[in-house]
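**Q**
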Amino acid sequence: MAGSGGLGGGAGGGQGAGAGQGAALRVPRAPLLLAALVLGAYCLCALPGRCPPAARAPVPAPAPAEPLRAVGPRGAPGLPVASGPGRRRFPQALIVGVKKGGTRALLEFLRLHPDVRALGSEPHFFDRCYERGLAWYRSLMPRTLDGQITLEKTPSYFVTREAPGRIHGMSPDTKLIVVVRNPVTRAISDYAQTLSKTPGLPSFRALAFRHGLGPVDTAWSAVRIGLYAQHLTNWLRLFPLSRFLFVSGERLVSDPAGEVGRVQDFLGLKRVVTDKHFYFNATKGFPCLKKAQGGSRPRCLGKSKGRPHPRVPEAVVRRLRDFYRPFNRRFYQMTGQDFGWD
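Position 6, counted from 1, in the sequence shown is what UniProt numbering calls 6; the numbers after and before it change by one each time, with no gaps.
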């Protein structure tokens with residue numbers, strides 16, 4: 001892509017600059033600066049964000065009826081916390097992964113259930129913000145009544161080595177939901193998201209492989225996330241398989257009511273969210289929520305969801321399929337589910 005060509009041009013410009021002393025001083029600057037800016041922007045996109053700001057010191061045991069305020073100033077990317085009756089509790093269930101698998105869609109679907117109270121934003125507590133302490137984490141949670149479930153989702157937990165131990169330390173009984181998707185499609189979607197924020201990125205092929213179509217570069221996060229079997233091994237050292245539910249990102253699109261029904265069963269909830277809540281949006285290419293009673297209009301996920309993927313050569317897709325195949329089959333064996341990606 002254009003970014004890849006820009007980097008190559010920078011190298012060539014440097015080699016051709018030896019004709020004169022003035023040229024040697026002037027010619028390399030623009031292409032080298034361009035390369036530095038592109039790589040710098042990519043690194044910034046890949047780095048994890050900061051912890052959400054806390055507006056006040058967390059209180060270990062807040063009064064049940066105490067009104068809450070948003071964490072962070074209004075309009076800032078803080079984490080809104082619900083006010084009203086009930087208590088703030090640690091989540092009984094977490095959507096721990098995976099990025100670009102369909103976690104946002106699942107969270108929004110589950111929020112239709114009257115017995116689910118979910119944090120809308122991703123707190124990143126168990127990967128980025130753990131030093132803030134469990135009391136701070138609990139202070140972010142929405143209030144729940146008896147019988148309601150507190151839920152949060154941060155898809156980077158699944159690939160964070162420290163997350164299983166930290167979550168187990170909070171509660172070994174935590175229910176863990178992992179939304180998985182064909183790792184090749186997931187990697188391309190991940191790249192498309194980053195490309196939308198950093199248009200000068202090298203091509204997908206240049207990032208996915210070393211030396212053209214050489215070895216797959218598992219150091220690139222878009223590739224590494226799809227090694228589901230390796231990540232799951234880390235979790236199974238502490239949690240039994242019975243604590244997990246693996247949701248198919250593909251079936252979440254083709255049969256949202258069926259997949260959400262499985263999640264409701266796993267959480268011990270009555271199947272309140274059913275096919276009557278969904279319609280398929282052909283423009284976006286995924287299901288949306290029908291207009292709620294008294295609501296103004298149907299509700300779909302934001303414009304960043306369902307964005308078109310860049311064209312990736314078939315040879316690149318085929319190589320990645322071959323690379324992931326043994327990892328996929330091991331994942332099927334570990335979970336007892338065949339997701340049909342091969």
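Backbone N, C-alpha and C fix where the C-beta goes; we use that ideal spot for every residue, glycine too.
Computed from a prediction, not measured in an experiment: that's the story for all the values here.
1. Three Cβ pairs or more, each shorter than 8 Å: is that satisfied between the region 101 to 114 and the region 262 to 281?
2. When you compare each of Val-216, Trp-341, Val-178, Thr-283 to Ser-242 by their alpha carbons, which one comes out closest?
3. Looking only at C-alpha atoms, which of Ala-282, Glu-259, Gln-148 sits nearest to Thr-274?
4. If you run the structure through DSSP and keep just helix, strand and coil, what is Pro-183?
5. Tell me, please, which residues DSSP counts as bridged to Asn-281.
6. Could you tell me which residues DSSP pairs with Phe-246 in its beta bridges?
7. Count Cβ pairs between the region 199 to 210 and the region 129 to 143 that sit closer than 8 Å; are there 3 or more?
8. Quick check on DSSP: helix, strand or coil for Cys-43?
9. Whether or not the region 117 to 124 and the region 148 to 161 are in contact is what I'm after, with contact meaning three or more pairs of Cβ atoms, one per stretch, closer than 8 Å; do they touch?
10. Across the region 89 to 101 and the region 163 to 179, are there enough close Cβ pairs to call them in contact, namely three or more that are closer than 8 Å?
11. Identify, in the order they occur along the chain, each residue of the same chain with its Cβ nearer than 6 Å to the Cβ of Trp-341, setting aside the five sequence neighbours on each side.
12. Going by CA-CA distance only, name the one from Phe-286, Pro-91, Arg-318, Asp-127 that's closest to Asp-173.
13. Among residues of its own chain, excluding the 5 on either side of Tyr-191, which ones have a beta-carbon nearer than 6 Å to its beta-carbon?
14. Please report how far the alpha carbon of Tyr-332 lies from the alpha carbon of Leu-176, in whole angstroms.
**A** Answer, in terms of the structure:
1. yes
2. Val-178
3. Glu-259
4. helix
5. Phe-286
6. Val-178
7. no
8. Because Cys-43 sits at a pLDDT of 41, beneath the cut-off of 50, its placement in the model cannot be relied upon, and the following sentence gives the value as read from the coordinates. DSSP places Cys-43 in helix when its eight states are reduced to three.
9. yes
10. yes
11. Asn-182, Asn-328
12. Pro-91
13. Phe-204, Ala-222
14. 17 Å
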